[in-house]
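So the structure is just underneath, and the comments pick up after that.
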Amino acid sequence: MTHNQAAERLKEEIIADTGRILQEFPQGGASRFTVLIENIKPASSELKTAHGLSIHLERAGKNYLLDTGSGATTFENAALLGKDMAAVEAVFISHGHYDHGGGLARFLKLNRRAKIYLSEAAIRERHFAERKGAIDKNISIDVSLYERYPARFHFVDRVAEIAEGLIVIPAIEQLFTLPGGNANLYRETASGMVRDNFQHEQILVIKDQDGIIVFSGCCHNGILNVIHTVRKHFPETPVKAVLGGFHLLNPDTQQLCETEQAVAALGQKLRAHAIGLYFTGHCTGLEAYAILKKELAGRLLYFHTGLEFTL
């Protein structure tokens, strides 16, 4: 079996695992999620993949978008999945990287009314990645979109309910170690490039009668810090699920950014939290998933393009 064949087989096994866990989990919640774009998909699917993440959310008869992926492919998939982008009422952008906000250019042409909620720094700062010793890969969201559509953008700088039951937490407390993969990520300042502090990353909390669902696109601030921050704001509320990448994958080498021991230790810490399910993918990577699964068996699911679930 070739390396590519082994990778495809692993993807299919992971997708099957996710389907099995969802079948065992009650699907009667108020929030319906559809993954419009992700790094992987079932081999039989006509949908497309891309490095990025975008999730369509339906609740109380209204439609929302959690990140937009990197470009137009997100919306090609949306059409195939029967999701009308013109009906979307609000968009939440988790942080200022193209693979989560790059699809805004296309979205703003498809939708004339939705408000875009994000950190001001997510679109007004320029963000870069170091590749082969040079800090020259621009991974920013196109700031000209804000210049062309200023009325559509709404900057969140304090805890705010942007729609009924959708609450943005803009400041993530950095109590625990940040992902090692952040080491090659920078932001541009007047004095030059500096390591990104990820103050442009925000959390979305979806509040239902039976608990909350947490979305954090890449967890550059660290998944443990995300959980800690949410718990400070919602100390007694049950957490039904956490959704997002954990930033454990180097997108260039497709290798772990952490040691296997560190990933296993992370899994043990996540297991200790009273959280129903963890949905991850994208920047987590398949290798990290396989390690985390040993610690979170039955509670860890992996995103794929076209995945639908209700919480």
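18 is the number of the first residue of the sequence shown in my numbering; add one for each residue after it.
No residue lacks a Cβ here, since even glycine has one placed at the ideal position from N, Cα and C.
- When secondary structure is reduced to three states using DSSP, D225 falls in the strand class.
- L294 and F50 do not touch by the CB rule: their CB atoms are close to 11 Å apart, not below 8 Å.
- A distance below 7 Å between beta-carbons, with the five flanking residues on each side excluded, links I152 to the following residues of its chain, in chain order: F145, Y203, M210.
- Taking C-alpha positions only, R37 is separated from T206 by approximately 47 Å.
- For a cut-off of 8 Å, the C-beta gap from I229 to I223 is around 6 Å, short enough to register as a contact.
- At the C-beta level, A139 and G120 stay beyond 8 Å of one another.
- For L39, same chain residues with a beta-carbon under 6 Å away, outside a window of 5 residues either side, are F326 in chain order.
- The beta carbon of R76 sits closer than 6 Å to the beta carbons of A47, S48 from its chain, once the five residues preceding and following it are set aside; these are given in chain order.
- The three-state secondary structure of F193, taken from DSSP, is coil.
- D213 is not a Cβ neighbour of P255, given a cutoff of 8 Å.
- In the DSSP annotation of this structure, the continuous segment of the beta strand (DSSP E) that includes K257 starts and ends at 256-260.
- S62 is positioned such that its CB atom lies closer than 8 Å to that of G323.
- Under the three-state reduction of DSSP, F215 is assigned to coil, being neither helix nor strand.
- The stretch 76-96 makes contact with the stretch 123-143, as at least three CB pairs between them are under 8 Å.
- Around the beta carbon of E275, 16 or more other beta carbons sit within 10 angstroms, so the residue counts as buried.
- As computed with DSSP, S71 is found in a beta bridge with I54.
- L318 has F296 as its beta-bridge partners, per DSSP.
- In the three-state reduction of the DSSP assignment, A89 falls in the coil class, being assigned neither a helical nor a strand state.
- When the five nearest sequence neighbours on each side are left out, the beta carbons in the same chain lying within less than 7 Å of the beta carbon of K58 are those of L64, T66, H321, T322, G323, in order along the chain.
- The continuous stretches of alpha helix (DSSP H) do not include I158, and DSSP gives it neither H nor E.
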